[in-house]
Amino acid sequence: MSSLKPSHIACLEDETAQLYAEVIQVITDRQCCWARPIALVQSLSSEPFSLPGHQADLGGIEAVRIHDLREGADLLLPLSLFRVALDTEVIPLLMRLEVPKAEIGSDRKVHQLLQAFVHQLCKTHPDAFA
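Numbering follows the numbering used here, in which position 89 of the sequence shown is assigned residue number 1150; successive positions increment by one, without gaps.
Shown next, in the form of structure tokens:
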């Protein structure tokens, strides 16, 4: 049974990116999670994030790029790909999103990045989508 509940902030991780999303509903019968994306955090170096299950260092502004996804489409993805995000990673992230001069980029580019992230998840975890 998943520890995710509606209104929790969850994280999906890839080698060089982390997607943070609000859990809207956990669909236990289908082992899926309906989530509303908040932000995609991408590493700017070729090095992967330090350890799976650990947050990106949001303190180093040159180390990551944060893409605001709050106006994007919801996702329905396998529950096994999500983990509960820690307060210590979510609070700095939300503070960075509130900065008026944050680099947001064009909506189209941000949505393409989200699509590429989900596509990479599908390739990395094919068993979760079976």
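Note that beta-carbon positions come from the ideal geometry of N, C-alpha and C, so glycine has one too.
*Just how far apart, CA to CA, sit LYS1184 and ALA1191?*
As a first step, residue 1184 is located in the sequence shown; it is residue number 123 there, counting from the start. As a first step, residue 1191 is located in the sequence shown; it is residue number 130 there, counting from the start. Cα to Cα, LYS1184 sits roughly 12 Å from ALA1191.
_Alpha-carbon spacing of ILE1099 relative to LEU1136, whole angstroms_ = Residue mapping note: residue 1099 aligns to position 38 of the sequence shown, counting from 1. Residue mapping note: residue 1136 aligns to position 75 of the sequence shown, counting from 1. Using only the alpha carbons, I get a separation of about 11 Å.
_Quick check: what's the CA-CA separation for CYS1093 versus GLN1079?_
Here residue 1093 refers to the residue found at position 32 when the sequence shown is read from its first residue. Here residue 1079 refers to the residue found at position 18 when the sequence shown is read from its first residue. Looking at the two C-alpha atoms, the distance is approximately 18 Å.
*First and last residue of the beta strand (DSSP E) that includes ARG1126?*
Sequence index remark: in the sequence shown, residue 1126 carries index 65 (1-based). Element bounds for ARG1126: 1125-1129.
*asked:* Just to confirm my understanding: we take LEU1130, look at its own chain, exclude 5 residues before and 5 after, and list those with CB closer than 7 Å. What are they?
replied: Start at 1 with the first residue of the sequence shown, and residue 1130 comes out as number 69. The answer, listed in chain order, is PRO1098, ILE1099, ALA1100, LEU1101, VAL1171, LEU1175.
*asked:* Which of the three DSSP states is assigned to PRO1098 in this structure?
replied: Position 37 of the sequence shown holds residue 1098. Three-state result, PRO1098: strand.
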